[in-house]
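S.K.:
Printed below as a string of structure tokens:
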């Protein structure tokens, strides 16, 4: 079946299993069995009810579900003002003057972060906005939305850390992501940061959930109240449970990108604000 994300220990998100890494059709019974083996009976039941064709998850129905889920994530990003918050940190990393800069959003989904930044003009005109995702369905929709909205940003399908995909041309590059790192197993984090270091990016800013009781409780309440899709309700809480502690992120980034000054910027855990559920790990090349 080839689910790389399924190799990590512990509970899984359903979206980890909807598409195989090889692009081959997903055997529904195998996905259900994997979830049951992790003790996730409710998630297994949800997957068992998804449309299938000859034993495989129906590709068209799965892609349509993926779009609905990411539209719900877009609404969450809007409510958390994620575009504004990403732009506010990126602005502090821009060089003085008008040197070309490329901001690359890794795992961009529907590109709501970059589209929000472009719509509000929150970064200077000499900053190019590029979103990258492995899922071609999401990239196609992100491009369509950007065209309809008349926004100056572009989206491409592929692995952003493969040379020549988007980090090229000698442009100063800042890599960003939102809600990506918790999908990586702890042992894969070092390689994630090392890939950016090998490409010599000027800086990276990766936003993810700050794991604590408040974020888990808040995720459950918000997703039960606001999300229509059963998959969204399940995965929203699981994301909070799987988020990495700051110590884990700092250690992995320090090993993978030793030439970068790295910090996790987070507020007080005793008096959390709604927007502090997400916090950035920032790395700047020395």
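In my numbering, the protein residues as written are 461 to 746. Note that the Cβ used here is the ideal one computed from N, Cα and C, for glycine as well.
Can you tell me whether DSSP reads residue 482 as helix, strand or coil?
M.R.: Residue state, collapsed to three classes: coil.
S.K.: By DSSP, does residue 688 sit in helix, in strand, or in coil?
M.R.: Residue state, collapsed to three classes: coil.
S.K.: Can you check whether the CB of residue 488 is closer than 8 Å to the CB of residue 515?
M.R.: Yes, the pair counts as a contact, with Cβ atoms nearer than the cut-off.
S.K.: Which residues share a DSSP beta bridge with residue 674?
M.R.: Per DSSP, none; premise fails for residue 674.
S.K.: Check whether the Cβ atoms of residue 587 and residue 614 lie closer than 8 Å to each other.
M.R.: Contact: no.
S.K.: For residue 610 versus residue 572, is the C-beta spacing smaller than 8 Å?
M.R.: Against a cut-off of 8 Å, the Cβ pair of residue 572 and residue 610 comes out as no contact.
S.K.: Below 8 Å on the Cβ atoms is my guess for residue 662 versus residue 745; work out the distance and round it to an integer in Å.
M.R.: So it is a contact: roughly 6 Å between Cβ atoms.
S.K.: Could you compute how far the alpha carbon of residue 464 sits from the alpha carbon of residue 479?
M.R.: Note that residue 464 scores 49 on pLDDT, short of 50, meaning its location in the model is unreliable; the coordinates nonetheless yield the value given after this. Answer to the nearest angstrom: the Cα atoms are 11 Å apart.
S.K.: Excluding the 5 residues flanking residue 686 on each side, which residues of the same chain have their C-beta closer than 8 Å to its C-beta?
M.R.: Within the same chain, residue 686 has close Cβ partners 532, 535, 536.
S.K.: From residue 699 to residue 653, what does the alpha carbon distance come to, in whole angstroms?
M.R.: Computed Cα separation, rounded: 20 Å.
S.K.: Rounded to whole angstroms, what is the Cα-Cα separation between residue 486 and residue 477?
M.R.: Approximately 8 Å between the Cα atoms of the pair.
S.K.: Starting from residue 783, follow the beta strand (DSSP E) in both directions and report where the run begins and ends.
M.R.: A question about residue 783 goes unanswered here, because the residues of the chain that appear run from 461 up to 746.
S.K.: State the DSSP-derived secondary structure class of residue 655, mapped to helix, strand or coil.
M.R.: Helix at residue 655.
S.K.: Sorted by chain position, which residues of the same chain lie with C-beta nearer than 6 Å to residue 664's C-beta, five sequence neighbours on each side aside?
M.R.: Excluding residues within five positions, the ones whose Cβ falls inside 6 Å are 635, 656, 743.
S.K.: Could you pull the start and end residues of the beta strand (DSSP E) that residue 606 belongs to?
M.R.: Element bounds for residue 606: not the beta strand (DSSP E) but the alpha helix (DSSP H), 596-609.
S.K.: For residue 481 and residue 595, what's the separation of their Cα atoms in angstroms?
M.R.: Approximately 10 Å, taken between the alpha carbons.
S.K.: Can you check which of these residues, 681, 582, 472, 542, is closest to residue 667 by C-alpha distance?
M.R.: Comparing Cα positions, the closest option is 542.
S.K.: Where do the N-terminal and C-terminal ends of the beta strand (DSSP E) with residue 588 fall, by residue?
M.R.: Residue 588 -> beta strand (DSSP E) spans 587-593.
S.K.: Using a Cβ-Cβ cut-off of 8 Å (strictly less than) and excluding sequence neighbours within five positions of residue 719, which residues of its own chain qualify?
M.R.: If we look at residue 719 and ignore the five residues flanking it on each side, its Cβ neighbours are 657, 745, 746.
S.K.: Does the distance from the C-beta atom of residue 737 to that of residue 670 stay below 8 Å?
M.R.: Against a cut-off of 8 Å, the Cβ pair of residue 670 and residue 737 comes out as a contact.
S.K.: Quick check on the DSSP output: the alpha helix (DSSP H) that includes residue 716 runs from which residue to which?
M.R.: Per DSSP, residue 716 belongs to the alpha helix (DSSP H) from 706-716.
S.K.: Do you know how far the Cα of residue 633 is from the Cα of residue 563?
M.R.: If you take the alpha carbons of residue 563 and residue 633, they lie about 6 Å apart.
S.K.: So what's residue 471 in DSSP terms, helix, strand or just coil?
M.R.: If DSSP states are grouped into helix, strand and coil, residue 471 belongs with coil.
S.K.: Where does residue 462 fall in DSSP's three states?
M.R.: Any reading at residue 462 must be qualified, since the residue scores a pLDDT of 48, below 50, and its modelled position is unreliable; no value is offered.
S.K.: Out of 555, 546, 606, 584, which one is the CA nearest neighbour of residue 575?
M.R.: The shortest Cα separation from residue 575 among 555, 546, 606, 584 belongs to 606.
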